[in-house]
Structures are given as C-alpha cells and as structure tokens.
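Read through the structure below, which is laid out as structure tokens, and then see the notes.
Residue numbers (the numbering used here): 147 to 382.
Pasting the structure below:
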C-alpha cells in the first residue's frame with residue numbers, strides 16, 4: 147500500500163491555514179498507510195504555526211514544521227527532502243492559500259502507476275492578470291533557455307514518485323527560488339513520463355500575497371541567471 151506525503155509551504159497564512167489544513171487532511175486520512183499532511187511554516191510573522199499546532203489533536207495525520215524564513219521555493223525543497231527522508235512513496239505538493247481544490251487530487255492519484263509525475267495546468271487561473279503575465283513570460287524564458295515548450299512549469303499542484311523526486315531534487319540548490327519550475331524542466335529534459343492535467347486555480351481565499359510585482363521581477367532576473375547555470379550543467 148502506498149504512503150503519501152502532502153507538503154505545503156506556509157507564510158503568514160493565519161487567515162487560511164485552518165480551513166486548508168482540514169480540507170487536505172481528509173485526503174491523507176482517506177489514503178491511510180501512515181500518510182501525512184506536512185505544512186512547513188516559513189518563519190511567519192503571524193500565528194500560522196500556533197494555529198497548526200492547535201489543530202494536531204483534531205488532525206492526527208498533520209505534521210506542522212517551522213523554520214527560519216527562506217522563501218517559497220526553498221521551503222518547497224525543504225518539504226520534498228523531509229518527505230523523502232520519511233520514506234514516503236509519493237509526494238504531492240500544493241500551496242496553503244486555498245487556491246487549489248482537494249477534490250481534484252484524486253484524478254492525479256489514479257495516474258500514479260502510469261506516470262512518474264502528474265502536474266497541474268492552470269489553464270483558466272483566477273489569481274490576477276499580473277500572475278498570468280508572469281506565467282506567459284516564464285514560458286518564453288524556458289523556451290529560450292532550454293528549448294522546452296512547457297505551458298505551466300510552476301504549478302503548485304503536483305504528484306511525484308519518490309525515487310524520481312529524489313533523483314532530481316538532489317540537483318537543485320537548497321535556496322533556489324523557482325524550485326518547482328526547475329524540477330519540471332529537469333523532469334522533461336530527463337525524458338521522464340510526465341502528464342499535465344488541467345486544474346482549477348481560484349483567487350486567494352484569504353490573507354495577502356507575500357510576493358509583489360517588484361519581488362517577482364527580482365526573482366525572475368535571478369532565475370534567468372540560474373537557468374543558464376543549470377542549462378550548462380545539463381549540457382555537460
């Protein structure tokens with residue numbers, strides 16, 4: 147029987163975290179086999195972590211973790227490494243802002259024996275024009291950097307088999323901002339069996355997005371340099 151670890155980064159998500167944790171906990175509870183919902187507090191300045199700790203009595207498969215602030219991408223990698231260390235068979239990553247639907251997880255789970263990775267595609271996303279523009283620009287950058295045509299490389303809704311994930315996260319620096327983007331690139335470049343499935347992507351359900359447009363531009367500029375370095379590694 148398969149053990150699933152769901153990993154979620156959380157930063158200042160006190161407005162969302164209780165409802166999100168309760169909804170996603172139902173998934174790991176249904177799968178069983180010591181599956182866990184791992185929510186990693188990335189040094190929040192609000193009471194996100196305290197709220198998670200208070201939920202543990204009601205949600206026995208919830209594992210709240212906390213650490214110093216290192217950013218969204220680095221926190222995702224932290225969760226991936228944690229799940230691999232705990233010997234999960236499959237790792238699913240999503241975010242803690244309530245934009246994704248637990249009900250759509252099951253179509254991914256049904257594909258786990260056919261593909262090493264199943265990744266969501268936000269083809270009708272509802273989180274604002276600026277975010278949609280960023281995704282379109284990222285698609286162009288990836289085509290120029292790697293020669294790959296990936297519609298949505300950064301989707302925070304992905305199921306990956308453990309050995310495949312372990313193989314590729316070992317190649318990603320721990321502080322990499324766009325960790326899911328480069329993971330998708332590595333999977334596609336490695337000719338792995340990957341399937342993309344359309345998903346719903348709602349507006350943020352509460353709280354405030356911690357990354358503004360200026361921060362996005364800064365991350366993007368750094369990413370272009372990082373992509374160049376990783377491309378050179380792939381060509382060695």
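From the three backbone atoms N, C-alpha and C, an ideal C-beta is built for every residue, glycine too.
Since this is a predicted model, take the numbers as computed values, not measurements.
**Request:** May I have the straight-line CA-CA distance separating residue 250 from residue 244, to the nearest angstrom?
**Result:** Counted from its first residue, the chain shown places residue 250 at position 104. Counted from its first residue, the chain shown places residue 244 at position 98. Taking the straight line joining both Cα atoms gives about 13 Å.
**Prompt:** CA-CA distance, residue 168 and residue 195?
**Reply:** What you label residue 168 is simply residue 22 of the chain shown in a count that begins at 1. What you label residue 195 is simply residue 49 of the chain shown in a count that begins at 1. Approximately 15 Å between the Cα atoms of the pair.
**Asked** Using CA coordinates, which residue listed in 252, 241, 212 is at the minimum distance from residue 191?
**Response** To locate residue 191, count along the chain shown from 1; it is residue 45. Of 252, 241, 212, the residue nearest in Cα terms is 212.
**Message:** Assess contact between the segment 293 to 302 and the segment 320 to 335, defined as three or more Cβ pairs (one per stretch) separated by less than 8 Å. Is contact present?
**Reply:** yes
**Request:** Return the chain-ordered list of same chain residues with a C-beta closer than 6 Å to the C-beta of residue 180, the five sequence neighbours on each side being excluded.
**Result:** Taking the first residue of the chain shown as position 1, residue 180 is located at position 34. 149.
**Prompt:** Taking just the CA atoms, how far does residue 314 sit from residue 333?
**Reply:** For the purposes of this step, residue 333 is identified with residue 187 of the chain shown, where counting begins at 1. For the purposes of this step, residue 314 is identified with residue 168 of the chain shown, where counting begins at 1. Roughly 8 Å between the two C-alpha positions.
**Distance CB(residue 308)-CB(residue 263) smaller than 8 Å** = Within the chain shown, residue 308 is the residue found at index 162, counting from 1. Within the chain shown, residue 263 is the residue found at index 117, counting from 1. No, they are not a contact pair.
**Prompt:** Using 8 Å as the threshold, is the segment 169 to 177 in touch with the segment 202 to 210, meaning 3 or more CB pairs across them?
**Reply:** yes
**Straight-line Cα distance separating residue 184 from residue 232** = As a first step, residue 232 must be located in the chain shown, where it is residue number 86. As a first step, residue 184 must be located in the chain shown, where it is residue number 38. Cα to Cα, the separation comes out at about 11 Å.
**Item:** Where residue 267 sits in the DSSP three-state scheme
**Value:** For the purposes of this step, residue 267 is taken as the residue at position 121 of the chain shown. The answer is strand: DSSP assigns residue 267 an E or B state.
**Asked** Around the Cβ of residue 304, are there at least 16 other Cβ atoms within 10 angstroms (buried) or fewer (exposed)?
**Response** For the purposes of this step, residue 304 is taken as the residue at position 158 of the chain shown. Result: buried.
**Message:** If contacts are defined as beta-carbon pairs under 8 Å, then residue 160 and residue 193 qualify, I think. What distance do you get, rounded to the angstrom?
**Reply:** Against the chain shown, residue 160 aligns to sequence position 14. Against the chain shown, residue 193 aligns to sequence position 47. Their Cβ separation, rounded to whole angstroms, is 5 Å, which keeps residue 160 and residue 193 in contact under 8 Å.
**Item:** Nearest-angstrom Cα separation, counted from residue 337 out to residue 156
**Value:** Numbered from its first residue, the chain shown carries residue 156 at position 10. Numbered from its first residue, the chain shown carries residue 337 at position 191. Cα to Cα, the separation comes out at about 32 Å.
**Prompt:** Exposed or buried, what is residue 282 when buried is set at 16 or more other beta-carbons lying within 10 Å of its beta-carbon?
**Reply:** Taking the first residue of the chain shown as position 1, residue 282 is located at position 136. Classification of residue 282: exposed, given that the 10 Å Cβ count is below 16.
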